[in-house]
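Numbering (my numbering), first residue to last: 254 to 1060. Yeah, the Cβ is synthetic: ideal placement off N, Cα and C, and Gly gets one too. Everything numeric in this text was worked out from a predicted model, so none of it was measured. Here is the structure we will look at, set down as structure tokens.
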């Protein structure tokens, strides 16, 4: 029987700052509790973040009381799914446990310390900075990108700030906490190792009378062959175990003195689980029974393999071109990301055509709801272990904590068919090879033992059916340069860092696991987060919500020859967002046209954790930036794109794609200069490249059509194209929940976009960045919680295009 302990909590300081008995929400954290109590200002607004650094340097006490009566159970455990981070747990004055790892679950036997009637539970959290800085002093400094000690504490690294995130160092009970009362035998762990025809299910049990200690944070789960003993030291009795997948059942037993067994379940005529775009996502119920305890979950029957040199994911024998996003914590305060937020964000991912999310190593192992949703939607998950961009110590107590958290999370997550890959770290191998670490380390450890020894051993032991990769970027061998694009994964940051986005054309990679280009958030998101009057690219609040070094300067230099340099905020906002969209669409189209040599792109990044100028497609206000719409086109299962000296037709579906490719050269008035047509069949999961044979002048445009897909190409950058001043007819009509806007072009309209959130923060539009030739029309559907001014909807600065006429 499980009883949550989420009510009646208060939080207080136990140091120099005096705050007492503030009402606390569990799960949650100190920042959100203080915000709810009106004791701090919104950390995301203006530069309020700067005034809250003291929170991470303060000791905090969470306290609650609860009533308890004996109900005849042999054992009662306090189950802590997530404590952030350095914690001491006291029940009725008895110290029952200590923790030092945000990333793992803990279970403490509190049977001797409960009392009938009123009970008091206290959790004291040591200031994260104090602990981390103490460990750094003991073990010696390690290089990293920021002057922050996150490598010395097993805690979400981006809590300490990132080039897209605030420095808001949390403490608190961030995941559920409760009492588990049980007798006899408890199922401690279920590890399904899945095949296409069934699974080998390992069941680990614990006995209520087992002599053990649950107070050491370094304690590991039982391993094969470990003995369970009764209170008198006698071996526990044999336990009958059954496993059922759907209607198929297998039975066995765990012998006296043992704690685990593995049962094989074969499912005839199994229905397979496939990633999106490759088949259905069938899930079977999994039921495990050990004595009187029952565990239920779901499994998907499938195989997933990694071809390492080509870095190709193969599911059920079929190679998958990865159209993915990097995922960061969706809120700086992760307890605020619930099922509704995940459903919205996953919907935004799949609506672009994405089939994979990479859980980045500077965040957390995500909630069970995250992986359940990925299973249901067919989103593959690449799971980084939480190490990012820094050298990590391998001395104790860190190695024991890393092993404990890895064991815990491998066992927790391995049953999810969506989980495709374990990855040791983000950019730490690159850091050792290219960022000058060896000289700074002077022989000190940096994490290599984790990535090349401990973590692969644990994956091989616990989850042998799933691939492990030491890090990203990584080229397949420790002595091979991680920047080598011919094998393994690459991260492309020369673009954005120093080179124009057309530099993507100079890469011929196997798999791009990170690449990105910045753009500001939507107007409504920025306006809600910044009080600046007037709002300018360099006003204080806007600057504060730009965390990248020289970020605003790079936004302007990144415009290059593609777009004019802006002189107003409105132009800065539209042009830098447009440039972000063009940059990423160009890169994705280039890499998809290289299929099957290149088999994946993972955009940095899908989401933001707060309102900020960043690389995200969905901003911190959960609004879609123009980038999102460009990615929806670039990630379409069937893609027509201009490539090298011709056209590439990409067919990432299971059926042939047959039509006529028509290339039409027009002048800017829309008149045809020349045209050609070619019948083409693109086989499933393949690419056909067709030379165009057409070159034009800056005053011309090349139109390519195939089936119902169309693309246009101009022969010069926009400032050099002699566009006529934009002219169009506009009609606005009311529809359910908003408005329909029809634009009919009388001239070329280059990258037409609607920004209805400028009129009301709830307003959204179904499409953006549409180029129209004379006589063509586009219809935009705008949804809003309130009626919008029809004239304003089709006027500057809501309706924009590159060659617009200014008011």
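Asked: As assigned by DSSP and simplified to three states, the class of residue 857; Found: coil
Asked: Integer-rounded CB distance, given that residue 694 should sit under 8 Å from residue 644; Found: 6 Å
Asked: Beta-bridge pairing of residue 375 - partner residues as DSSP gives them; Found: 316, 343
Asked: Where the alpha helix (DSSP H) containing residue 807 begins and where it ends; Found: 804 to 811
Asked: DSSP three-state assignment for residue 330, whether helix, strand or coil; Found: strand
Asked: Candidates 456, 445, 419, 682, of which the one nearest residue 862 by Cα; Found: 419
Asked: Proximal residues to residue 393 (C-beta, below 7 Å), its chain only, five neighbours per side dropped; Found: 697
Asked: Which of helix, strand or coil DSSP assigns to residue 881; Found: helix
Asked: Collapsed DSSP secondary structure at residue 649 in the structure displayed; Found: coil
Asked: As assigned by DSSP and simplified to three states, the class of residue 195; Found: Examination of residue 195 is not possible in this model, given that the chain is present from 254 through 1060 alone.
Asked: Nearest neighbour of residue 632, chosen from 647, 492, 874, 596 [CA to CA]; Found: 596
Asked: Through-space distance from residue 320 to residue 370, alpha-carbon basis; Found: 5 Å
Asked: Beta-carbon contacts of residue 1024 that lie in its chain and below 8 Å, excluding the five residues immediately before and after; Found: 965, 1001, 1002, 1003, 1004, 1005
Asked: Touching by the beta-carbon criterion (3+ pairs, under 8 Å), the segment 908 to 917 and the segment 626 to 641; Found: no
Asked: Beta-carbon spacing of residue 951, residue 977 below 8 Å; Found: no
Asked: Check whether residue 442 and residue 664 have beta carbons under 8 Å apart; Found: yes
Asked: Separation of residue 414 from residue 485, as counted between CA atoms; Found: With a pLDDT of only 41 at residue 485, under the threshold of 50, the placement of this residue in the model should not be trusted; the figure read from the coordinates follows. Those two C-alpha atoms are separated by around 52 Å.
Asked: Buried versus exposed, by CB contacts within 10 Å (16 or more), residue 1011; Found: buried
Asked: Alpha carbon of residue 679 to alpha carbon of residue 673, nearest angstrom; Found: 17 Å
Asked: Assumed close pair residue 901, residue 937 - CB separation to whole angstroms, cut-off 8 Å; Found: Actually they do not touch by this definition, with Cβ atoms about 16 Å apart.
Asked: The segment 432 to 439 / the segment 535 to 551 touching (three or more Cβ pairs under 8 Å); Found: yes
Asked: Contacts around residue 784, its chain only, beta-carbon distance under 7 Å, and the 5 residues preceding and following it disregarded; Found: 299, 794
Asked: Exposed unless 16 or more other CB atoms sit within 10 angstroms - verdict on residue 667; Found: buried
Asked: Coil, strand or helix - residue 1009 by DSSP; Found: helix
Asked: Per-residue DSSP class, three states only, for residue 1079; Found: Residue 1079 lies beyond the range of the chain shown here (254 to 1060); nothing can be said about it.
Asked: For residue 835, three-class secondary structure by DSSP; Found: helix
Asked: Reduced DSSP secondary structure (H/G/I, E/B, other) of residue 953; Found: strand
Asked: Cβ separation of residue 1067 and residue 802, assumed to be a contact under 8 Å, to the nearest whole Å; Found: The question about residue 1067 has no answer, for the chain in this structure spans 254 to 1060.
Asked: Close Cβ partners of residue 671 (< 7 Å) along its chain, the five nearest in sequence each way excluded; Found: 624, 627, 628, 632, 633, 634
Asked: Local Cβ density within 10 Å of residue 826, reported as buried at 16 or more and exposed below that; Found: buried
Asked: Assigned exposure category for residue 700 - 16 Cβ within 10 Å defines buried; Found: buried
Asked: Residues of its chain near residue 1021, where Cβ-Cβ distance is below 6 Å and the 5 sequence neighbours each way are ignored; Found: 879, 882, 1006
Asked: First through last residue of the beta strand (DSSP E) which encompasses residue 623; Found: Per DSSP, residue 623 belongs to no beta strand (DSSP E); it is in the alpha helix (DSSP H), 621 to 630.
Asked: 8 Å Cβ cutoff met for residue 433 and residue 575; Found: no
Asked: Among 1056, 293, 607, 316, nearest to residue 306 - alpha-carbon criterion; Found: 293
Asked: Same chain, Cβ closer than 8 Å to residue 719, neighbours up to 5 away in sequence not counted; Found: 557, 667, 672, 673, 674, 675, 712
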